[in-house]
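Undergrad:
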Amino acid sequence: MLIGLDWGGTKIEAIALDDSGQTLLRRRIATPRDDYDGGVRAAAALVQGIESVTGRKATVGVGIPGSLSPATALVRNANSTWLNGRPLRDDLELALGRPVRIENDANCFAVSEATDGAGAGAAVVCAVIIGTGCGSGIAIGGRPWRGRNGVAGEIGHNPLPWAQGVSEQPGPACWCGKRGCVESFVSGPGFARAHALATGAVMQAEAIVEAARAGDAEAGASLEAYAGRLARVLAVVVNTLDPDVIVLGGGMSNVAELYEALPALMRPYVFSDVCVTPVRQAVHGDSSGVRGAAWLWAS
Numbered sequence: 001m002l003i004g005l006d007w008g009g010t011k012i013e014a015i016a017l018d019d020s021g022q023t024l025l026r027r028r029i030a031t032p033r034d035d036y037d038g039g040v041r042a043a044a045a046l047v048q049g050i051e052s053v054t055g056r057k058a059t060v061g062v063g064i065p066g067s068l069s070p071a072t073a074l075v076r077n078a079n080s081t082w083l084n085g086r087p088l089r090d091d092l093e094l095a096l097g098r099p100v101r102i103e104n105d106a107n108c109f110a111v112s113e114a115t116d117g118a119g120a121g122a123a124v125v126c127a128v129i130i131g132t133g134c135g136s137g138i139a140i141g142g143r144p145w146r147g148r149n150g151v152a153g154e155i156g157h158n159p160l161p162w163a164q165g166v167s168e169q170p171g172p173a174c175w176c177g178k179r180g181c182v183e184s185f186v187s188g189p190g191f192a193r194a195h196a197l198a199t200g201a202v203m204q205a206e207a208i209v210e211a212a213r214a215g216d217a218e219a220g221a222s223l224e225a226y227a228g229r230l231a232r233v234l235a236v237v238v239n240t241l242d243p244d245v246i247v248l249g250g251g252m253s254n255v256a257e258l259y260e261a262l263p264a265l266m267r268p269y270v271f272s273d274v275c276v277t278p279v280r281q282a283v284h285g286d287s288s289g290v291r292g293a294a295w296l297w298a299s
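The numbers in the UniProt record's numbering rise by one with no breaks, and the one at position 205 of the sequence shown is 205.
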């Protein structure tokens, strides 16, 4: 049995899979916000509860909204900031009495979709989460690719490429301390912010999309601008990595219009005479991260 934990800012979700990928049990609890020790206890209790119900011991993989520094093994770059600087792997291993594998949640998403999702059978998968933030990860041969510094694939905190006009330069301040990050444009809140700046109308991302579908010209223009920005971001992915497939997850990945628009919008920015990289929606949706965490122990 393989147990995966998806440790987010609002919830910790756990899943137990058998070695064929069938779900045996799922559980979810609210994340103890700003309470590192409480989170460790809660995560360990989730694992122990699943093992008690199933009567089986499991490997444990964890996806987090950050990564472990290869220099110190401490959590860094987590937007759940109370995790930063903490020895999370050591503390979970102590609480559970076994080795634990920890990966960035976007890497877990990539592993999941490369194993039995939208990237199944592809050698190189880039997975991009466009939800409350923007994270991305890479799976090569179904395994996470971290890179030498442990940040491979992290496009969310690069500047928006080919920035156009005052609406994109210098860009809004980001929680990471810089301005104009990709995350501040292609996340759901970033989409809503850009629409409010352009129109004065404060709306949630979902409402803007529905208004565009209903024929609202301003909402339609905002959705078009969003697709253009995302296309430029994905073109950089192709120019840098040239993956076999790009998989989108997170709330904005549910906008069906993106999959029709992106291929043509990406093409002018790709440094090639062809761009045939498929952009697909995640098969496992919101479950992909937790499934990928479990698959960290598949080999």
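All C-beta atoms in this analysis are idealised placements derived from N, C-alpha and C, irrespective of residue type, glycine included.
Between the alpha carbons of Ala-298 and Ala-282, how many angstroms are there, rounded?
TA: In a straight line, the C-alpha of Ala-298 is about 20 Å away from that of Ala-282.
Undergrad: Specify, as a first and last residue, the run of the alpha helix (DSSP H) that Ser-112 falls within.
TA: Its alpha helix (DSSP H) spans residues 105-116.
Undergrad: Which runs of the alpha helix (DSSP H) at least 4 residues long sit entirely within the segment 136-208? Give them in chain order.
TA: With a minimum length of 4 residues, the continuous alpha helix (DSSP H) runs that stay inside the segment 136-208 are 183-186 and 188-199.
Undergrad: Can you list, in chain order, the residues of its chain whose CB lies under 8 Å from that of Leu-68, leaving out five sequence neighbours each side?
TA: If we look at Leu-68 and ignore the five residues flanking it on each side, its Cβ neighbours are Leu-74, Val-75, Arg-76, Leu-88, Arg-89, Ile-102 and Gly-150.
Undergrad: How far does the beta strand (DSSP E) with Thr-59 in it reach, from first residue to last?
TA: Taken as a continuous stretch (DSSP letters only), the beta strand (DSSP E) holding Thr-59 covers 59-64.
Undergrad: Is it right to say Val-202 is buried, meaning 16 or more other beta carbons lie within 10 angstroms of its own, or is it exposed?
TA: By the 10 Å Cβ count, Val-202 comes out exposed.
Undergrad: Given a cut-off of 9 Å on the beta-carbon distance, is the pair Ile-12 and Ile-3 in contact?
TA: Cβ atoms of Ile-12 and Ile-3: not closer than 9 Å.
Undergrad: Check whether the segment 263-271 touches the segment 209-218, counting contact only when three or more Cβ pairs, one atom from each stretch, lie closer than 8 Å.
TA: Flag = no, the segment 263-271 and the segment 209-218 do not touch.
Undergrad: Is the beta carbon of Asp-286 sitting closer than 9 Å to the one on Val-124?
TA: No, the Cβ-Cβ distance between Asp-286 and Val-124 is not below 9 Å.
Undergrad: Where does Arg-280 sit, in a helix, a strand or coil, going by DSSP?
TA: Note: Arg-280 maps to strand in three-state DSSP.
Undergrad: Does DSSP put Leu-68 in a helix, a strand or coil?
TA: If DSSP states are grouped into helix, strand and coil, Leu-68 belongs with the strands.
Undergrad: Inspect the beta-carbon positions of Val-255 and Leu-223 and report whether they are closer than 9 Å.
TA: Cβ atoms of Val-255 and Leu-223: closer than 9 Å.
Undergrad: Cβ of Ser-253 within 9 Å of Cβ of Ser-112?
TA: In this structure, Ser-112 does not lie closer than 9 Å to Ser-253 by Cβ.
Undergrad: Using the three-state DSSP reduction, which class does Arg-291 fall into: helix, strand or coil?
TA: Three-state result, Arg-291: helix.
Undergrad: Bridge partners of Gly-4, per DSSP?
TA: Per DSSP, Ile-15 and Gly-61.
Undergrad: Measuring only the C-alpha atoms, how far is Ile-64 from Arg-229?
TA: When rounded, the distance between both Cα atoms is 26 Å.
Undergrad: Asp-105: buried (16+ other C-beta within 10 angstroms of its C-beta) or exposed?
TA: Classification for Asp-105: buried.
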